[in-house]
Every structure is written in C-alpha cells, then in structure tokens.
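As structure tokens, the structure follows; a few thoughts come after it.
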C-alpha cells in the first residue's frame with residue numbers, strides 16, 4: 001500500500017514565509033487535516049523546514065538568534081506535536097517522523113554556533129520524546145544527519161551576519177560561497193535514503209548521510225570517548 005508523506009520546508013528561501021509556515025499552529029493543523037481528508041492518513045512526516053545562519057557569534061543580532069531558533073527548533077516542535085496527534089489517532093495508528101538535523105546536530109563548527117544550537121536542541125528533544133511514546137502507538141523517530149549536499153542551503157537558504165572587526169580572520173560568507181556547489185552530497189540520492197528509512201520496520205534514531213558526515217562524526221565520538229576516559233578519576237570522584 002502506498003505511503004503518504006507530508007514534507008515541510010519544500011520551498012526555497014527563508015524569513016517571514018517560512019516562519020509563518022512552521023510557527024502558525026492553525027496553519028499546521030490545517031495542513032495535516034487537509035492531507036488526512038485527501039489521502040485518509042499520514043504515514044511519514046519529513047520535518048525539513050529550516051535555514052542556515054552563518055557568522056561569528058558576536059556578529060549575530062538578537063533578532064537573528066531568535067529567528068534561527070524559532071524556525072529550526074520551535075517550528076519543527078510544532079509540526080512534531082501535530083504529527084504525533086494525527087498518527088496516534090488514525091486507524092491503524094502509527095507513522096514515522098523524520099527530523100532533518102544535519103551534521104550540525106552532532107558537531108559544532110566555526111561560524112555555525114546558533115545553527116548547531118538549533119540542531120542539537122532538535123536532536124535532544126527527539127531522543128527524549130522517543131522514550132515517551134507507547135509501543136502500541138507505532139510512532140517512530142529518526143534524526144537524519146546529512147553532510148554537505150548540493151542544495152540551496154548554502155545559497156538563498158543561508159543568512160549571513162554583518163562583519164565584526166574583531167573577527168577579521170573569519171570570512172563566513174566567503175567560505176560558504178567557495179563551498180557552494182562543490183559539496184559531495186547528491187540530493188536525489190539523499191531523498192532515496194529518506195524513503196528507504198521510512199520503509200524500515202525499525203528505523204534508527206540517528207543516521208548519518210554522506211561521505212563527509214560519516215567519518216567526521218565517528219572521529220568526534222572517538223575524541224569524546226578518549227576525553228571522557230582521560231578524566232575518568234575526576235568524573236567518578238563526586239559521589240557521596
């Protein structure tokens with residue numbers, strides 16, 4: 001039987017339109033209701049709405065910081081809430097919620113502090129949420145963590161800060177423009193991976209996509225494990 005997918009963030013660009021899409025609770029409810037009315041159910045929600053904010057932390061304005069978190073985190077939380085209610089109520093109940101977090105959900109990088117914060121927040125939220133659902137609901141979660149892909153994220157879907165004189169050694173915009181169009185990831189192959197994940201009986205809570213993401217995150221995990229073990233004595237010294 002064909003699966004019904006609901007995908008957010010399919011339009012390019014960012015700003016007011018995107019904020020309205022994922023922050024307007026009534027708009028979200030309406031989209032889910034319309035999909036259920038037309039197709040009878042929703043099997044997969046791909047929570048993909050978001051954009052990149054690039055620049056050094058001291059360059060961010062308050063509005064830029066809040067916008068990044070509103071769209072990349074709170075907006076996706078709103079969609080997740082409606083997805084869960086819909087999937088729990090439909091007969092038979094169940095479905096898959098795929099959170100698009102990116103490699104930034106596992107690793108921080110220079111000039112991406114707020115972007116990483118929004119993605120780390122989404123990963124922690126999803127991991128905690130996955131432990132709250134009843135097995136009989138049949139609702140599954142996957143944080144999909146793509147590396148660099150040849151999408152619009154580094155173009156029209158990227159916001160940049162104004163330069164701060166103290167950070168003349170960092171050129172975030174120049175760096176992104178240099179990389180744009182040279183990323184290793186193929187969006188079509190990534191889309192196929194999303195589909196394959198949605199068809200799994202037991203999809204993973206997290207999965208990396210891309211030849212850049214996979215080794216980078218494994219290296220980070222090895223480094224963290226080594227660091228934890230280095231300070232094992234201090235870590236285990238605080239019990240009563």
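Residue numbers (the UniProt record's numbering): 1 to 240. Note that the Cβ used here is the ideal one computed from N, Cα and C, for glycine as well. Just so you know, these numbers come straight off a predicted model, no measurement behind them.
| query | result |
| --- | --- |
| Classification of residue 115 by the beta-carbon crowding that lies within 10 angstroms, buried from 16 upward | buried |
| Candidates 117, 98, 104, of which the one nearest residue 129 by Cα | 98 |
| Buried versus exposed, by CB contacts within 10 Å (16 or more), residue 234 | exposed |
| Straight-line gap, residue 54 to residue 205 (C-alpha atoms, nearest Å) | 27 Å |
| Sufficient close CB pairs (3 or more, under 8 Å) joining the segment 215 to 234 to the segment 163 to 172 | no |
| Where residue 24 sits in the DSSP three-state scheme | coil |
| Nearest to residue 111 (by Cα), restricted to the options 141, 74, 183, 59 | 59 |
| Reference residue 82, options 195, 209, 64, 43, closest by Cα | 43 |
| Test item: CB-CB of residue 132 and residue 106 under 8 Å | no |
| Continuous beta strand (DSSP E) stretch holding residue 145: start and end | 139 to 146 |
| Minimum C-alpha distance to residue 102 - residue among 216, 237, 221, 208 | 208 |
| Classification of residue 9 by the beta-carbon crowding that lies within 10 angstroms, buried from 16 upward | buried |
| Spatial neighbours of residue 65 in its chain, beta-carbon cut-off 7 Å, leaving aside the 5 residues before and after | 114 |
| Alpha-carbon spacing of residue 189 relative to residue 239, whole angstroms | 49 Å |
| Beta-carbon proximity check, residue 96 vs residue 126, cutoff 8 Å | no |
| Inside the segment 56 to 82 only - alpha helix (DSSP H) runs reaching at least 4 residues | 62 to 69 |
| Cβ pair residue 75, residue 36 closer than 8 Å | no |
| Helix, strand or coil at residue 185 according to DSSP, with G and I counted as helix | strand |
| DSSP-derived helix/strand/coil call for residue 97 | strand |
| C-alpha gap between residue 15 and residue 230, whole angstroms | Because residue 15 carries a pLDDT of 36, less than 50, the predicted location of this residue cannot be relied on, and the following value inherits that uncertainty. Computed Cα separation, rounded: 44 Å. |
| Cutoff 7 Å; reference residue 84; Cβ partners in own chain excluding five residues on either side | 139 |
| Element boundaries [alpha helix (DSSP H), containing residue 229] | 213 to 230 |
| Three-state class that DSSP yields for residue 52 in the structure shown | strand |
| Distance, residue 232 Cα to residue 198 Cα | 39 Å |
| Identified DSSP bridge partners for residue 6 | 45 |
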